[in-house]
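For the sequence shown, the positions run -25 to -1, 1 to 89 when mature numbering (1 follows the signal peptide of the UniProt record, and there is no 0) is used. Ideal Cβ positions, reconstructed from N, Cα and C, are used throughout, including at glycine. Just so it is clear, the structure is predicted and the values come from calculations on it, not from any experiment. These notes are about the structure you will find just below.
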Amino acid sequence: MKKKFASLALLSALAIASITSAAHAEQVQPSRETNPSLAATETTFASPVERNKTLKVGKTLQLPKGYQYFPAVGWPKIIDVDADGLVTGKKKGNAVVEVKDGRELKYVYYITVN
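Structure, rendered in structure tokens:
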């Protein structure tokens, strides 16, 4: 009788251990250390940073230096962008400027000219 009870207790303990380890495994999230491909996908498909800026007509705004600037919307009517990243407001309205590092889009600036 003692042997049956001991083996039943052992089976119960094993069953509980397997259930708790399975529940624990579901809660653990993969990290960069445990899954190197996760870090590669995070950096490869990173979305650009979006910024909102306000500018007055005739004033200038400095964008981050060392990038390429592409006025996507509102150019040359609303804003003017030079090679150094200086944005000048020409008339009231909304404009969008894309800032790229080589081939990757880094920033998107939504500029409102008052």
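Whole-angstrom distance between residue j and residue i, CA atom to CA atom
{"i": "Ala47", "j": "Tyr84", "result": "10 Å"}
{"i": "Gly41", "j": "Lys28", "result": "19 Å"}
{"i": "Thr35", "j": "Tyr82", "result": "18 Å"}
{"i": "Glu79", "j": "Asn89", "result": "30 Å"}
{"i": "Val71", "j": "Pro39", "result": "15 Å"}
{"i": "Gly64", "j": "Glu73", "result": "16 Å"}
{"i": "Gln52", "j": "Lys66", "result": "Going by the sequence as given, residue 52 is Lys instead of Gln. Their Cα atoms are separated by approximately 7 Å."}
{"i": "Gly77", "j": "Val32", "result": "30 Å"}
Under the three-state DSSP convention, the category residue i falls into
{"i": "Gly68", "result": "strand"}
{"i": "Pro51", "result": "coil"}
{"i": "Tyr84", "result": "strand"}
Which residues DSSP lists as bridging residue i, in chain order
{"i": "Asp76", "result": "Glu79"}
{"i": "Leu61", "result": "Gln37"}
{"i": "Tyr44", "result": "Val74"}
Terminal residues of the beta strand (DSSP E) in which residue i lies
{"i": "Lys28", "result": "24 to 30"}
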